[in-house]
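Here's the structure we're looking at; comments come further down.
Numbering (this note's numbering), first residue to last: 602 to 759.
Dropping the structure here:
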């Protein structure tokens with residue numbers, strides 16, 4: 602129940618109203634679920650870090666501290682969401698990159714693969730991009746129905 606509350610706070614935060622990354626919301630929510638093992642990880646609970654963000658060496662950050670294992674510590678999980686937006690800004694994630702990620706339209710699986718690739722290029726995570734994309738897709742499947750078969754239409758009688 603508590604995990605559902607935190608999913609709700611990330612998914613429906615007022616921050617989405619003011620960010621240029623709102624089209625990426627399903628992917629970012631899936632990322633939070635994947636990075637935190639569905640909001641159950643120690644990094645999430647101990648450091649209020651919904652994205653596994655490390656202590657940045659150069660870019661601005663909203664963290665209030667750092668852990669001994671180099672994770673950023675935040676006042677609330679929403680600060681980690683806002684910090685992710687700062688990360689995107691620092692690496693030039695403008696509308697062009699968002700458009701590329703979402704070029705498949707409503708194909709969230711393709712968007713998840715594109716998103717995982719872009720994050721990998723930036724060095725955001727260490728595992729291979731296939732595994733990361735698969736984790737995102739799994740979380741998207743939990744949130745949405747991705748695989749819908751077309752209903753059979755009755756044939757017209759002639």
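Beta carbons are placed, not taken as given, at the ideal position from N, Cα and C, and that holds for glycine.
Quiz item: What number of angstroms, rounded off, separates the C-alpha of residue 617 from the C-alpha of residue 624?
Solution: 9 Å
Quiz item: Leaving out the 5 sequence neighbours to the left and right, which residues in its chain are closer than 6 Å to residue 716 when beta-carbon positions are compared?
Solution: 628 and 702
Self-check item: Paired residues, beta bridge with residue 611 - DSSP
Solution: Answer is none; residue 611 lacks a bridge partner.
Practice problem: For the alpha helix (DSSP H) containing residue 744, list its first residue and its last residue. | Solution: 730-744
Quiz prompt | Exposure of residue 676, with buried meaning 16 or more beta-carbon neighbours within 10 Å | solution = exposed
Self-check item: Integer-rounded CB distance, given that residue 684 should sit under 8 Å from residue 668
Solution: Actually they do not touch by this definition, with Cβ atoms about 15 Å apart.
Practice problem: Under the assumption that residue 636 contacts residue 660 (Cβ atoms under 8 Å), give the Cβ distance between them as a whole number of angstroms. | Solution: Going by Cβ atoms, the distance from residue 636 to residue 660 rounds to 18 Å, so no, they are not a contact pair.
Self-check item: residue 655 to residue 744 span [Cα, whole Å]
Solution: 26 Å
Exercise. Could you work out which residue in 740, 742 and 693 is closest to residue 719 when comparing CA atoms only?
Key: 693
Self-check item: Those runs of the alpha helix (DSSP H) which lie wholly inside the region 643-673 and span at least 4 residues
Solution: 643-648
Quiz item: Of the residues 741, 658 and 630, which one's Cα is nearest the Cα of residue 708?
Solution: 741
Quiz prompt | 8 Å contact criterion, which residue 728 and residue 682 should meet: CB distance rounded | solution = Contact flag wrong, Cβ pair sits at about 22 Å.
Self-check item: Reduced DSSP category for residue 697 - H, G, I as helix; E, B as strand; rest coil
Solution: helix
Practice problem: Out of 680, 647 and 640, state which residue places its alpha-carbon closest to the alpha-carbon of residue 670. | Solution: 647
Quiz item: What is the DSSP secondary structure of residue 640, counted as helix, strand or coil?
Solution: coil
Exercise. List the whole-angstrom C-beta distance separating residue 622 from residue 680, where the pair is believed to meet the contact cut-off of C-beta under 8 Å.
Key: Not confirmed; about 16 Å, so no contact.
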